[in-house]
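Taken in order, these protein sequences are the chains called A and B.
Here the first sequence is numbered in the numbering used here, starting from 54 and rising by one per residue.
Here the second sequence is numbered in the numbering used here, starting from 262 and rising by one per residue.
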Amino acid sequence: MAMHALQNYLAVGAILFVLGAIGFLTRRNLIVMFLSAEMMLQGVSVNLVAFGKYHGNFQGQAFTIFVLTVAACEAAIAMALIIAIYQRSKTLDVSVWNDLGETPTPSMAEEVAASEKDEPPADLPISFPPLTPSGREPALPERKVYTHA
Amino acid sequence: MFHLVEELMAWIGEHWHFALPLVGVLGAYLLLNTRRRDSQFAGCVVAAIALLLGWATMSRTTGDRVEGFCFAAFSGLAIASAIAMIVQSNPVYAALNFALVILSACGLFLMQAASFLAAATIIVYAGAIIVTFLFVIMLAHQSGRSTYDQNPKQPVLVGVAGVFLLGAILGTIEDSFPNHKAAAAAHESAIAKRQPTPTLPARQSPLAAVGNGGVLELGRTLFSDYLWATELAGTVLLISTIGAIAIAGHRKGAAI
């Protein structure tokens, strides 16, 4: 019977993992993104416990306890970071923080513009993080192209 | 007409590891469109169909009726609340749905003879992590619904990726465990006959006679085989506590 049950538990773990991944990638709220990441961990835990039962030992449960520990640490750090981020930008939107690169990706910028069109942020003081300008692209020496004569 | 339906069911039964994610992710995608009522209704129907399909494919293999019922109840509740969590536009409800996911997963743990782990997970997740999340949500509360909670980013691409990921995983599981009762019985007898691990007391199977929720055996495993990892986990907890205080300890107005 354990054999029969095992693949069902693995399937449930996989479904939880993929749903968490979908939530992590689609949602823009930082808190919901971290909840989705925790749900992926939960899917992995279901997998580990099912394999521990299948093999008849306690290694799966021991690993799950470590997963639990790391999840608690991750939640503590994530909450601290989210509070710090909220104090700076007064929003939990993750797209506000996508400009660590040179320029935001066009599709993302359009999306943000489209979403803020319907409801203009009237008195929402969004302060963007000050970033050091990275300057012009340095002139590189031209590469020689060798061709077979 | 019935012939067509029969053929469709046969195809789904054959390719369930691809049909199931397709229907489920379609439901989640329809539900993600929180601005339109009809889309949400259709998403609910499609997601319910996906759950029924999953129940139909999984109940083929469970033998015990009570165990099958408990498994269906816990896993169905877990998956339904997981879908509700990722499509919920209010973060408070998302956190509460996540608590439901944890509770149902703990039910699955209980069914796998891991009662200590179930209790620990409820205490740590539902008792500590969820409360912290709710606390932060209240702290960063915004009046009304925020725009960014109602506009998911790239739902189509992510949905397609999710279908392929889940289809690949389920297909691998299906291929790895051929569904034969003889193989299952052979595995059961092999587990029963096998010599126990030397660190555990001499019993038929370590999980067969677990008293006190397996705390004794689990503790023995943790503090003998995984002693260094346990110490390291404690250190990680301490460091993360210090880090959290260092990151979030600033008052408003102070230079960050």
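C-beta: ideal position from N, C-alpha, C; glycine also.
Between residue i and chain B, is the shortest Cβ-Cβ distance under 8 Å, so that the two count as touching?
| i | result |
| --- | --- |
| Val65/A | yes |
| Asn61/A | yes |
| Ser142/A | no |
| Leu193/A | no |
| Met93/A | no |
| Ala74/A | yes |
| Ala90/A | no |
| Val123/A | yes |
| Asn82/A | yes |
| Met132/A | yes |
| Val85/A | yes |
| Val71/A | yes |
| Ile68/A | yes |
| Val203/A | In the structure displayed, chain A extends from 54 to 202; residue 203/A sits before or after that span and is not available. |
Where residue i and residue j are concerned, what is the direct C-alpha to C-alpha distance, given to the nearest angstrom?
| i | j | result |
| --- | --- | --- |
| Ile430/B | Ile344/B | 18 Å |
| Leu134/A | Ile508/B | 7 Å |
| Leu291/B | Thr144/A | 26 Å |
| Leu427/B | Ala494/B | 31 Å |
| Ala129/A | Phe104/A | 29 Å |
| Val97/A | Leu313/B | 23 Å |
| Phe396/B | Leu83/A | 14 Å |
| Arg10/A | Ala401/B | Here chain A comprises residues numbered 54 to 202, so residue 10/A is not present and cannot be evaluated. |
| Ala280/B | Ala317/B | 13 Å |
| Arg481/B | Pro416/B | 46 Å |
| Val284/B | Leu364/B | 25 Å |
| Gly66/A | Gln373/B | 13 Å |
| Val503/B | Leu418/B | Checking the sequence, you will find Ile at residue 503/B rather than Val. Distance between the alpha carbons of Ile503/B and Leu418/B is about 39 Å. |
| Leu369/B | Pro191/A | 59 Å |
| Ala309/B | Ile347/B | 16 Å |
| Val392/B | Trp272/B | 45 Å |
| Leu265/B | Glu328/B | 34 Å |
| Ala379/B | Ala366/B | 8 Å |
| His276/B | Leu488/B | 45 Å |
| Gln95/A | Ala339/B | 10 Å |
| Met399/B | Pro352/B | 10 Å |
| Gln465/B | Tyr107/A | Since pLDDT at Gln465/B reaches only 48, below the 50 mark, its modelled position is unreliable, and the value read off the structure follows with that caveat. Roughly 15 Å separates the two Cα atoms. |
| Gly358/B | Ala341/B | Rather than Gly, the amino acid found at residue 358/B in this sequence is Asn. Taking the straight line joining both Cα atoms gives about 9 Å. |
| Ser437/B | Leu483/B | 29 Å |
| Phe77/A | Cys331/B | 29 Å |
Assuming residue i and residue j make a contact with CB atoms under 8 Å, what is their CB distance in whole Å?
| i | j | result |
| --- | --- | --- |
| Ala355/B | Val149/A | With a Cβ gap of about 20 Å, Ala355/B and Val149/A do not count as contacting. |
| Ala387/B | Ala360/B | 5 Å |
| Gly385/B | Ala125/A | The question names Gly, but residue 385/B is Val in the sequence shown. About 6 Å separates the two Cβ atoms, so the contact holds. |
| Thr491/B | Leu121/A | 12 Å between Cβ atoms; not a contact. |
| Phe87/A | Glu478/B | That belief does not hold up - the Cβ atoms of Phe87/A and Glu478/B are roughly 33 Å apart, past 8 Å. |
| Gln19/A | Ile434/B | With chain A represented from 54 up to 202, any question about residue 19/A goes unanswered, as that position is not in the structure. |
| Asn412/B | Arg81/A | 7 Å |
| Ser350/B | Asp410/B | 5 Å |
| Gly475/B | Phe335/B | That belief does not hold up - the Cβ atoms of Gly475/B and Phe335/B are roughly 19 Å apart, past 8 Å. |
| Val424/B | Val286/B | 5 Å |
Indicate whether at least one CB of chain A lies closer than 8 Å to the CB of residue i.
| i | result |
| --- | --- |
| Leu400/B | yes |
| Gly304/B | no |
| Gln373/B | yes |
| Ser376/B | no |
| Phe359/B | yes |
| Asp410/B | yes |
| Phe220/B | Examination of residue 220/B is not possible in this model, given that chain B is present from 262 through 517 alone. |
| Glu478/B | yes |
| Ile383/B | no |
| Val419/B | yes |
| Tyr563/B | A question about residue 563/B goes unanswered here, because the residues of chain B that appear run from 262 up to 517. |
| Gly423/B | yes |
| Ala356/B | yes |
| Ala309/B | no |
| Val327/B | no |
| Gln415/B | yes |
| Ala317/B | no |
| Leu338/B | no |
| Val392/B | no |
| Val266/B | no |
| Gln301/B | no |
| Val284/B | no |
What is the residue span of the alpha helix (DSSP H) that residue i lies within?
| i | result |
| --- | --- |
| Val299/B | According to the sequence as given, residue 299/B is Asp; it is not Val. Run containing Asp299/B: 298-319, per the alpha helix (DSSP H) assignment. |
| Gly337/B | 326-348 |
| Asn100/A | 83-108 |
| Gly510/B | Counting along the chain, Gly510/B falls outside any alpha helix (DSSP H), and DSSP gives it neither H nor E. |
| Ile434/B | 416-437 |
| Gly475/B | Run containing Gly475/B: none; DSSP gives neither H nor E here. |
| Leu483/B | Taken as a continuous stretch (DSSP letters only), Leu483/B belongs to no alpha helix (DSSP H), as it is neither H nor E. |
| Trp277/B | 277-293 |
| Leu193/A | From DSSP, Leu193/A is part of no alpha helix (DSSP H); its letter is neither H nor E. |
| Thr408/B | 408-411 |
| Ile525/B | There is no way to answer for residue 525/B, as the model of chain B reaches only from 262 to 517. |
Check your understanding: Can we say the segment 113-123 of chain A touches the segment 65-76 of chain A, given the rule of at least three CB pairs closer than 8 Å?
Key -> Touching, no, given that fewer than three Cβ pairs across the two stretches are closer than 8 Å.
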